[in-house]
Each structure stands twice: as structure tokens, then as C-alpha cells.
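To start, the structure itself, in C-alpha cells.
In my numbering, the protein residues as written are 1181 to 1781.
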């Protein structure tokens, strides 16, 4: 009889497959081992690394330890002390519960476990190589558990070759370590790499104290406490004001029952609270804990347990939204800044709504508006540049019936009659054959961008007195370290200062009117370490950010002279069709279209 095609896999191969789901990289090893330490009641957790965790990961804790019998069982698949029945699975409070992590890690590494219960005279040492137990012996050791993982993926070369550089893997571990330390502020945490301390967080009396140690005083003092309770969820944490914005979502530290998670619905609920307060594409700084009864959340939906599924999302997410709204509103009222908008569903801020209402009142006889003095705006960057007419045409085409016709070639804007300003956002011009609207922010952004790009490398550097210190999270610090030579070549003088800190001694003169720390932070947040960006790409990113920050805003009233100067500067740009981000800069409605609308043709 021929042999069947379907075969039962060996335990060894099953463990390697399971390891592929649970152990993605060294950071996953740290996460699984540290979570076991927390579940074991540890008060001190220390993590040691070599070569970014590729050569060695060691986690040492002072938890309850294990007996020899339990230590051996812990290396078996699906052996756990956390659950025993199906009902237990609906009431999980521990971080680990499947009994998969330790055997999965042991299957793809050389693992050593040393453990002792507090009341025991001696401990147990077990050595496992590629899933096979090599040594079991009695040893003298401190109470608690020490697990050392060497040569991760040594027997799975296909997985090993996908690991990144030492710096990148270390950054991922550091990022994971920070999230775990935030979740447990009452524990002592230490992370070291090649005998160099990366993080050392003493036991904290509160979440605020832990945030102070992790992110520094500048961030900690600006955060807003939130504490809100519903029948189904308790929401607490610290959230940043709108000014504390970041360029990526790594500034969202979200926890469900003290478990770091990445949940789409939870993230959306948080971002909704900032909907009218943050520019598009930016993220708030949030450390938020959502505590719910275990029966209302399923933590068993992802191999690494980083995703959760709420049984009834509206019950939980409503509490999150209300907590965020309450915190932001109280903070806005306490400060003497712009008021918090009562409805988080409001489509735009009150200032913009008022401007729109003013515009509906008419264009005041189509005469240019003036104000008593020049509008407050960043000082223009003084750079000489050629006086020439713009080239190109507005980006994007649309059917005639959907939007007014755009001209095939741009006019010299400064030669046209200024009719006024619409909604404090658009400049209205009378052309020989129609009406032109110019987005004032997009126009000024294009002007600033081209000046900046022309000035890189030719205007020298400016020393900063005093130097500016910049603190970055692990992944952003890794990205900046990788790009430092290219950034230095643009005119910055930046020196690593240990951990995630950098000192900025000088910046390009062409950027002297911008915040150097904000520029470099934005660059690090938007340029991953693995990205292959040429020098000119870094220049463009810096120029984009600086131009956006230095430009007049929508909602800012301009007098006649300011509008004229803006149009003259726009005429001198190389490309006047779009802003640096690709959005249309001007729009024309032809006289023919207007006449057809009023049925005069």
C-alpha cells in the first residue's frame, strides 16, 4: 500500500513553526520572558543584551521561582500555571497563559534556565539546545529565575537572515522595554547592552513619576491626567496637549488590562478626541490604560497577544472618548489658550467657522480688506533668488461639470487686481477672463520651500548658544544615528549624548528661523533607519517641515501689502502649481463658466 501524503509533524518541527509565530525578533524574546517575570511576582527585572539580542538575551528576576519539576514542565508545549479550564480562558488577568513562549524560544536557540523558589535550599539549572534538553542539574543560585537565550535562530538560517542591524534590533527591544516599564511603574526595570546601561528605571510611586523617568521632565510636566469610570471600563492615564504632537503613531502608548496593545478601534477612539486639534498626519502623545473585566475582552486573537478584541466595543470605546474629551476640555479651560470645542464631532475649529461666517457676509464691495497692522507671522527667510515667472500648471484634472476649469498656464499673479481675502484663507484675484483663488498657506509654503532648497549648502551654518538637547525614543534615536553623517553634511552639527539624547551645536543658516529640535525630531520620526533616502531626500524633508511651520496659516488675515508681497514672491517660484506636498495652490473660475451659471450665454 502506498504511503499517505499527509504526515504528522514532529514535536521539534511543531515548536519551530510555533516559534515563527511567537518569536519574530529578539524584542519578542524580551517581551515573552519579561511578561513571565511580571506574572511570577517579580519586583526587580533586569535585561542584558549582546549584539542587539542576536547573540544573547538574559532576563533576571526576583520572582517566586520554580521547583525542578515545574521548571521542566515549563519547557513543554502548552504547559502553564495560568489556566486549567475553558472558564479560566474567559477570566485571564495574567500576561501569559498559553504555555507556548518558552518552548518556542528554546526550539530556535540555545537556552539556559536557572531558577529557585524562595523557600528552597538550592535551585535548578536546565540547558536546552534547539528544543532538546541537554542538562538538568542542581545549583546554588538566588531566589527567582534567570533565563539566557543565546544564538537566536541559529538553527533556522532563513529566519536569522531577516534580522536587522544590531542598532535596529536594539532599538526595537528598547521600545518594547519602555512600553512594558510604563505598564508596571511599581517595579524596578533595567536594560543593559554590552555592559552599558540603556535604561534604569527605579520603582515609581505613580504613572506620572514613571513617565518623568522615561520621557523626561519637559514631556511629563505638560501631560494632562485623565481618570474616567463607566460601568464597563475604567480609563486612566496621561495625555498630551495638542502642541505635543508627533509625526508617527509610536507616541501612542495604549494598554488594556496592563497589556501593551495595538488595537485599531482603540486607536481611532483616541485620535477622534484630537480630530479638530491636530494637523492631518500628526499624532498626539498618549499613555492610556483601559481596564475592563476579562470577560469583555479577548486577548487570545494574535500569536504575540499584541492585539485584542472587545466583546462589545461601544461599551468600552465610549468611556475612552469621554475620558479623552473630559481631560482635554479641563486642560483647555485651565489654560488661557484657545477654548476647547464643545463638540468633538465639530468639523472645524470655532475660529475657522467664524472666518467662514464673515466671508458669507460678502466681499465688502469687492474691495481689498486691510487691518490696522501687519498680521503676525514668522519672519520670511531672507534668501536671494531669481525673479522669473512661474512654470507648470495646477496638478490634477477633473471633469468640467465637477469643478471649474483651471488655466493651462499660470499668470503673473502680482499683475492681477486683488479683490480681497475669503475666509482669511484664500486671496481672490480678478483675471482678464475670470476669477482666481490662491490658497495663502500653500502659496507661502511653496515660496519658503524653494528658498530653503536653494539655500542648503551655500549659506553655511549657524552656531547655537546654548546648544539644544534633543531626547528621542529608541526607534527614532536609531534612525537619526543611522542618518547622522548625511544630516551633518547639510550643515547640522549634532553629537550623540548617550541613550536617546543628542546635542545640536549648529544648524544650517538657511533654517535659522526654525526650531532645530522640532526639525530633527520630525526627520527622525518620518525617516526609518532601514529607509534608503538620498541626501537630497533628507533636504526635501527638512525643507517641507520648515516651510510648513514658517508659513502663514489659514485663518490669518493679511493686509493689502502683505497679499501683494506674497504674490510677487509666488511669481518668482519655479513651480507655482502646487504646494510642496502636492496640493493645488491656485484655482481659476472662468468668466465663461460664471456667465453660463447665471444663464447669460
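The beta carbon of each residue, even a glycine, is placed where N, CA and C say it ideally should be.
{"Check": "Cut-off 8 Å between Cβ atoms - residues of its own chain near residue 1492, not counting five sequence neighbours on either side", "Outcome": "1412, 1476"}
{"Check": "Residue range of the alpha helix (DSSP H) that includes residue 1395", "Outcome": "1387–1395"}
{"Check": "Coil, strand or helix - residue 1706 by DSSP", "Outcome": "helix"}
{"Check": "Residue 1660 CB to nearest heavy atom of the ligand GTP below 7 Å", "Outcome": "With respect to small molecules bound, the structure shown includes none, and the ligand GTP cannot be examined in it."}
{"Check": "Given residue 1705 as reference, the closest of 1679, 1744, 1656 once Cα atoms are compared", "Outcome": "1656"}
{"Check": "Rounded separation between residue 1245 and residue 1684 - CA only", "Outcome": "47 Å"}
{"Check": "DSSP state of residue 1303 mapped onto helix, strand, coil", "Outcome": "strand"}
{"Check": "Option nearest residue 1672 by Cα separation, candidates 1697, 1654, 1659, 1314", "Outcome": "1697"}
{"Check": "Given 8 Å, three or more beta-carbon pairs between the stretch 1201–1212 and the stretch 1300–1320", "Outcome": "no"}
{"Check": "Per-residue DSSP class, three states only, for residue 1574", "Outcome": "Reliability of the predicted coordinates at residue 1574 is poor, the pLDDT of 36 falling under 50, and the value obtained from them is presented with this limitation in mind. Of the three classes helix, strand and coil, the one that applies to residue 1574 here is coil, per DSSP."}
{"Check": "Endpoints, alpha helix (DSSP H) assigned at residue 1316", "Outcome": "Counting along the chain, residue 1316 falls outside any alpha helix (DSSP H), though it belongs to the beta strand (DSSP E) covering 1312–1319."}
{"Check": "Nearest-angstrom Cα separation, counted from residue 1415 out to residue 1392", "Outcome": "20 Å"}
{"Check": "Same chain only: Cβ atoms within 8 Å of residue 1402, ignoring 5 sequence neighbours per side", "Outcome": "1420, 1421, 1423, 1424"}
{"Check": "Three-way DSSP call (helix, strand, coil) for residue 1293 in this model", "Outcome": "strand"}
{"Check": "DSSP beta-bridge partners of residue 1454", "Outcome": "Partner(s): none; residue 1454 has no beta bridge."}
{"Check": "6 Å CB neighbourhood of residue 1691 in its chain, flanking five on each side removed", "Outcome": "1726"}
{"Check": "Residue 1435 - partner residues in DSSP beta bridges", "Outcome": "1440, 1469"}
{"Check": "Continuous alpha helix (DSSP H) stretch holding residue 1248: start and end", "Outcome": "1248–1253"}
{"Check": "Three-way DSSP call (helix, strand, coil) for residue 1684 in this model", "Outcome": "strand"}
{"Check": "Secondary structure of residue 1601, DSSP reduced to three states", "Outcome": "strand"}
{"Check": "Beta strand (DSSP E) segments (min. 3 residues) lying fully within the stretch 1204–1231", "Outcome": "1224–1230"}
{"Check": "Collapsed DSSP secondary structure at residue 1629 in the structure displayed", "Outcome": "helix"}
{"Check": "DSSP bridge partner residues for residue 1768 (one or two, in chain order)", "Outcome": "1616"}
{"Check": "CA-to-CA distance, residue 1505 to residue 1787, given in whole angstroms", "Outcome": "Any question about residue 1787 goes unanswered here, given that the chain covers just 1181 to 1781."}
{"Check": "When 1410, 1644, 1242, 1734 are compared against residue 1674, the one with the closest alpha-carbon", "Outcome": "1644"}
{"Check": "Reference residue 1460, options 1728, 1776, 1746, closest by Cα", "Outcome": "1728"}
{"Check": "Neighbourhood of residue 1241 by C-beta, 6 Å cutoff - its chain only, sequence neighbours within 5 removed", "Outcome": "1217, 1222, 1225, 1324, 1325"}
{"Check": "Contact check, residue 1427 vs residue 1462, beta carbons under 8 Å", "Outcome": "yes"}
{"Check": "Limits of the alpha helix (DSSP H) - the one that residue 1351 falls within", "Outcome": "1346–1363"}
{"Check": "Start-to-end residues for the alpha helix (DSSP H) that takes in residue 1658", "Outcome": "1654–1669"}
{"Check": "Same chain, Cβ closer than 8 Å to residue 1319, five either side skipped, listed in chain order", "Outcome": "1294, 1302, 1303, 1304, 1305"}
{"Check": "Other residues of its chain near residue 1652: CB distance less than 8 Å, five sequence neighbours each side excluded", "Outcome": "1660, 1680, 1681, 1682, 1701, 1704"}
{"Check": "Cα-Cα separation between residue 1328 and residue 1292, rounded to whole angstroms", "Outcome": "5 Å"}
{"Check": "One or two residues paired with residue 1409 in a DSSP bridge", "Outcome": "1414"}
{"Check": "Cβ-Cβ distance between residue 1379 and residue 1357 below 8 Å", "Outcome": "yes"}
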